[in-house]
Every structure is written in C-alpha cells, then in structure tokens.
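Given below as structure tokens:
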C-alpha cells in the first residue's frame, strides 16, 4: 500500500504522539518540538529534494520521515531517534506501507539525533538539514526573558531564518539575521556548531556545499 504524507498528517495516533512528546519536552525545558517544527521540517526536506530532482516518492518519504522524526521523545529524550524509528516501524507496517518505503523512513529517523546523526542516504540528509536549520524566535516557550538560558537567547535573537538552495552553484545556505544585542554570534556557534557540521555532511551527501551566513557575513 502507498502510504501518503496526507495520511500521516491526518493520523490521530501520530498526532497524539507528537503532542505528548512535546508536552514532555516542555517539562524538560526544551524549545518547541510540536507541529510547527515537524511541519517546517517536512516542508524544507521536501523542497530540497524536489529542487534537486529526486522522485516524487522520495520527496514524500522525506516528508513522512520529517513529520515523524521526533515521536520518540514521547518515550524519552535519550535515544529518541532509536525509539522513534522503532515506533515508526510499527505504525507504518500496520498501515500497510511497502517494506522498502518503511526502511527509508525509519533509517532517516534513526540517523537524525545530534549525537549519532549521519546522512546515510538522501532522505536522511534532507531530514538532517531541515531539522538542524530550524532556529527561530517562535520556538522559544519561556516568556520570562530574565530567565532565558543560552538556547532560549539564541533562538529568540533570530529575526530571520531561511534555507537557500542554489542548484547551479551546488550550495545550500542557512541565512540568518540575528539581534546581536541579545546574542553574540559566538553564542550561536557554542550551541549549534555540531549541528552545522552535521549540515555540512548532509549537504555533501546531496552533492552540495553547506554555508552559514549570519547578518550578511559568510561564516562557514
């Protein structure tokens, strides 16, 4: 059976896991990981593969993987990529998805966590790029700026965030505008350097060079 992205988005089961996972992450003090995050990841991952000429099915599998990639947080933040991939296997198998499609989705989910991430294929690479570039003010849930930690401060300082793919130049650029009165550029590197290196590896998997631009200055 060809399980579609629309079927995934409308699944009450999957929506429940995303919601409850985000409840746990809220209690732990993490930034938003709910429908805004997974929806944006699905959009960016699909856009990357579409512009690079991948098949419509590969694009849709990237959307599915991106939408489901954080459901493992409902179990625990620790090893959430592994638990999420295991949960996704059960869900997709029960929905009747073709095993080769299931394999593509759970491989991408299982390889997205910062500590163990690796772009083992194009779908995993697109997910990594979409996930690790999602930095924006609206992800901050703490309303008391006096108690911001560095993650709150860095995300809140971002006034503009765009992922720009130049197919001809073979570059993909995370372009940010940061309010440096709230957050120094070095603060961004302090918490996101590993993610930017993962983006570089993911871009290479897709035949691209990854670039980081902050306030008009090319830093990577």
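Numbering (our numbering), first residue to last: 37 to 256. Where a beta carbon is used, it is the ideal one built from N, C-alpha and C, also for glycine.
Whole-number beta carbon distance between residue j and residue i, since they are thought to touch under 8 Å
i: residue 194; j: residue 173; result: 6 Å
i: residue 171; j: residue 157; result: Not really, about 25 Å apart at Cβ, beyond 8 Å.
i: residue 163; j: residue 101; result: 5 Å
i: residue 183; j: residue 244; result: Their Cβ separation, rounded to whole angstroms, is 39 Å, which puts residue 183 and residue 244 out of contact at 8 Å.
i: residue 108; j: residue 123; result: 6 Å
For residue i, three-class secondary structure by DSSP
i: residue 86; result: helix
i: residue 184; result: coil
i: residue 256; result: coil
i: residue 47; result: coil
i: residue 155; result: coil
i: residue 111; result: coil
i: residue 38; result: coil
Residue i, enclosing beta strand (DSSP E) - first and last residue
i: residue 200; result: 194 to 202
One or two residues paired with residue i in a DSSP bridge
i: residue 208; result: 201, 246
i: residue 213; result: 196
Within 8 Å, strictly: CB atoms of residue i and residue j
i: residue 39; j: residue 128; result: yes
i: residue 152; j: residue 98; result: no
i: residue 169; j: residue 235; result: yes
i: residue 94; j: residue 41; result: no
i: residue 247; j: residue 256; result: yes
i: residue 214; j: residue 251; result: yes
Opening and closing residue of the alpha helix (DSSP H) in which residue i lies
i: residue 146; result: 135 to 146
i: residue 126; result: 116 to 130
i: residue 104; result: 92 to 104
i: residue 221; result: 221 to 241
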